[in-house]
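Trainee: Numbering (the working numbering), first residue to last: 142 to 400.
Dropping the structure in here first, questions after.
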């Protein structure tokens, strides 16, 4: 926003230059000033305020530390959600998801899944490929890659890990580590038991603030608030909300420089 105000200031003062020239040269350049001033404003303020997102620019941006971004990820802070589970006698389990960005011709796309309706946790919802940490996983990156291979057939040898987002505690008592990765286009095959569909959404959709909204529901007698970012494709409207939207929100704000 500061840069936009600066560009607006520069554009207006460049326009005023034409007014000065009109008096100095004795010519009526009012029309030229008006055209130039408006052109400068719209041209300058329409310049992208973030770089085009590529593998290298993403790596550079994600190398900048992110502060824990509660409460924008949902309702309550990270510590408050942990404490709520403790008070209810719940053990919070470690988990990881793969925030996989695909290098398509029209830019980066985020890979998402539609979960099957019979699952015990988050049935029918949209999520990243991922799941709980197994004893055989050396770390949470291994968890994310393994789950992505099992759920959508992602080829780990083609995937480059480029960063990690702040952990997210879900109402189902998982503490999720979002592992950000990038890959050339792959052919995905959904595990029919867990995944009803695999699809992707342009990263630009999440970077556009107009696509975001706050929503809420009541659960266990409590009013819960969350972020949602609907997306429409050939299959209809994809309702991306809750934990998945919360993690995408952090990614978008960080890339936009708003964290």
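Where is the CB? At the ideal position from N, CA and C, for every residue including glycine.
For a quick check, are the C-beta atoms of residue 270 and residue 244 less than 8 Å apart?
Mentor: no
Trainee: Reducing DSSP to helix, strand and coil, say where residue 184 ends up.
Mentor: In this prediction, residue 184 has a pLDDT of 39, which is less than 50 and means its spatial position is unreliable; what the coordinates show is noted afterwards. In the structure shown, residue 184 sits in a helix (DSSP, three-state: H, G or I).
Trainee: Return the residue from the list 316, 331, 318 that minimises the CA-CA distance to residue 296.
Mentor: For residue 296, the nearest C-alpha among the options comes from 331.
Trainee: Among 357, 382, 240, which residue has its Cα nearest to the Cα of residue 324?
Mentor: 240
Trainee: In the structure shown, what three-state DSSP assignment does residue 294 receive?
Mentor: Note: residue 294 maps to coil in three-state DSSP.
Trainee: Mind checking residue 195: buried by the 16 CB within 10 Å criterion, or exposed?
Mentor: exposed
Trainee: Kindly identify the DSSP beta-bridge partner or partners of residue 382.
Mentor: 369
Trainee: Taking 8 Å as the threshold, find out whether the stretch 334-341 comes into contact with the stretch 273-284 through three or more Cβ pairs.
Mentor: By the Cβ rule, the stretch 334-341 does not count as touching the stretch 273-284, because fewer than three pairs are nearer than 8 Å.
Trainee: Pick out whichever of 322, 315, 250 has its Cα sitting closest to the Cα of residue 236.
Mentor: 315
Trainee: Where residue 225 and residue 291 are concerned, what is the direct C-alpha to C-alpha distance, given to the nearest angstrom?
Mentor: Those two C-alpha atoms are separated by around 32 Å.
Trainee: Of the residues 223, 345, 300, 329, which one's Cα is nearest the Cα of residue 389?
Mentor: 345
Trainee: Nearest-angstrom Cα distance between residue 234 and residue 249?
Mentor: 31 Å
Trainee: Closest to residue 319 by C-alpha separation, out of 309, 326, 328, would be which residue?
Mentor: 309
Trainee: Just to confirm before moving on: does the CB-CB distance between residue 384 and residue 293 stay below 8 Å?
Mentor: no
Trainee: Go ahead and pull the three-state DSSP assignment for residue 399.
Mentor: coil
Trainee: Can you tell me where the beta strand (DSSP E) with residue 299 in it begins and where it stops?
Mentor: That residue, residue 299, is in no beta strand (DSSP E); it is neither H nor E in DSSP.
Trainee: Keeping to the same chain, check which residues put their C-beta closer than 6 Å to that of residue 349; ignore five residues upstream and five downstream.
Mentor: When the five nearest sequence neighbours on each side are left out, no beta carbon in the same chain lies closer than 6 Å to the beta carbon of residue 349.
Trainee: According to DSSP, is residue 336 part of a helix, a strand, or is it coil?
Mentor: Assigned with DSSP and collapsed to three states, residue 336 falls in strand.
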